Amino acid sequence: DTITREHESARDFFDELGSLGMDTLKQGRQLSSKEMSLLIDHWDSSTEGKVSVDYHVVFLAVKRDFDS
């Protein structure tokens, strides 16, 4: 399934990710404040109005067999 969400701006999108706990860097290099600002400005200027984001939802159910 694909879920589409609209945000008022790119910053609103990143703020929502942060509020969900998805703002912790696991590996690699974090963007600097200047780089993040440039990314947000570019994304906002490349859209007409709201920022649209598609989420591809995957559900996985796992059952462990204890009879082995």
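Under my numbering, the very last position in the sequence shown is 1225; numbers go up by exactly one each time. Glycine included, C-beta positions come from ideal geometry on N, C-alpha and C. Bear in mind that the values here come from a model prediction, so they are computed numbers and not experimental data.
Going by CA-CA distance only, name the one from the options that's closest to residue i.
i       : options                            : result
Thr1159 : Phe1216, Asp1222, Tyr1212          : Tyr1212
Lys1191 : Glu1163, His1199, Asp1222          : His1199
Phe1163 : Val1210, Phe1216, Phe1223, Leu1217 : Just to set this straight, residue 1163 is Glu in the shown sequence, not Phe. Checked all of Val1210, Phe1216, Phe1223, Leu1217; the closest Cα to Glu1163 is Val1210.
Asp1172 : Met1193, Lys1183, Gln1184, Gly1185 : Met1193
Please classify residue i as buried or exposed, where buried requires at least 16 neighbouring CB atoms within 10 angstroms.
i       : result
Val1208 : buried
Phe1170 : buried
Ala1167 : buried
Where do the ends of the beta strand (DSSP E) carrying residue i lie?
i       : result
Ser1209 : 1208-1213
Arg1168 : Unbroken run through Arg1168 is the alpha helix (DSSP H), 1167-1176; no beta strand (DSSP E).
Arg1162 : 1159-1164
Looking at the secondary structure, which residues open and close the alpha helix (DSSP H) in which residue i lies?
i       : result
Glu1192 : 1190-1202
Leaving out five residues on either side along the sequence, give the residues of the same chain with a beta carbon under 7 Å from the beta carbon of residue i.
i       : result
Leu1174 : Asp1180
I'd like the list of long-range same chain contacts for residue i, defined as Cβ closer than 6 Å, with 5 residues on each side in sequence excluded.
i       : result
Asp1201 : Ser1166, Ala1167
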